[in-house]
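Numbering (UniProt numbering), first residue to last: 1 to 103.
Each residue gets a CB set at the ideal place from its N, CA and C atoms; glycine is no exception.
Remember, predicted model here, so these are calculated numbers, not experimental data.
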Amino acid sequence: MKSRSLSSLATGMVTFLQQLQTVALIIIGVYLIDAGDLTMGALIATVMLAGRATAPLGQVIGLAVRFQQAKAALDSLNGLMAMPVDRDPTREYLAKPPLSGQI
Numbered sequence: 001m002k003s004r005s006l007s008s009l010a011t012g013m014v015t016f017l018q019q020l021q022t023v024a025l026i027i028i029g030v031y032l033i034d035a036g037d038l039t040m041g042a043l044i045a046t047v048m049l050a051g052r053a054t055a056p057l058g059q060v061i062g063l064a065v066r067f068q069q070a071k072a073a074l075d076s077l078n079g080l081m082a083m084p085v086d087r088d089p090t091r092e093y094l095a096k097p098p099l100s101g102q103i
């Protein structure tokens with residue numbers, strides 16, 4: 001449950017920051033277009049390039065979250081494997097004969 005909340009928090013933060021970046025670029029770009037220092041095409045290109053530049057950040061955070069989930073799964077599996085065997089030493093169990101591969 002902890003890894004799920006960590007994953008959703010990380011994904012939400014990355015998405016929020018990318019959207020905040022886009023909004024900030026558009027607001028600044030509108031003022032620059034109004035002043036004649038930037039064209040509409042340059043603003044569109046800037047927003048596209050900024051999105052492509054920040055995409056690896058989201059991938060790195062996703063990789064870190066998956067690593068944390070894999071580590072938690074490994075710790076859980078190690079805990080399961082460290083548990084004692086459930087066989088009662090006072091009982092005698094049947095063993096199946098080896099399979100020969102014939103019907």
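Nonlocal neighbours in the same chain, by C-beta distance under 8 Å from residue i, ignoring five residues either side
i	result
residue 10	61, 62, 64, 65
residue 40	33
Proximity test, Cβ basis, 8 Å: residue i and chain C
i	result
residue 50	Although the question refers to chain C, the structure presented lacks it and comprises just one protein chain.
Inter-residue Cα distance where the pair is residue i and residue j
i	j	result
residue 97	residue 74	34 Å
residue 12	residue 59	13 Å
residue 95	residue 102	19 Å
residue 99	residue 83	30 Å
residue 78	residue 70	12 Å
residue 81	residue 72	14 Å
residue 25	residue 14	17 Å
residue 23	residue 16	11 Å
Buried or exposed by the 16-neighbour rule on C-beta atoms within 10 Å, applied to residue i
i	result
residue 36	exposed
Close beta carbons around residue i, own chain, < 7 Å, minus the five adjacent residues each side
i	result
residue 29	38, 43, 46
Contacts around residue i, its chain only, beta-carbon distance under 6 Å, and the 5 residues preceding and following it disregarded
i	result
residue 110	A query on residue 110 cannot be resolved here, the shown segment of the chain reaching from 1 to 103 and no further.
Whether or not the stretch 43 to 55 and the stretch 72 to 88 are in contact is what I'm after, with contact meaning three or more pairs of Cβ atoms, one per stretch, closer than 8 Å; do they touch?
no
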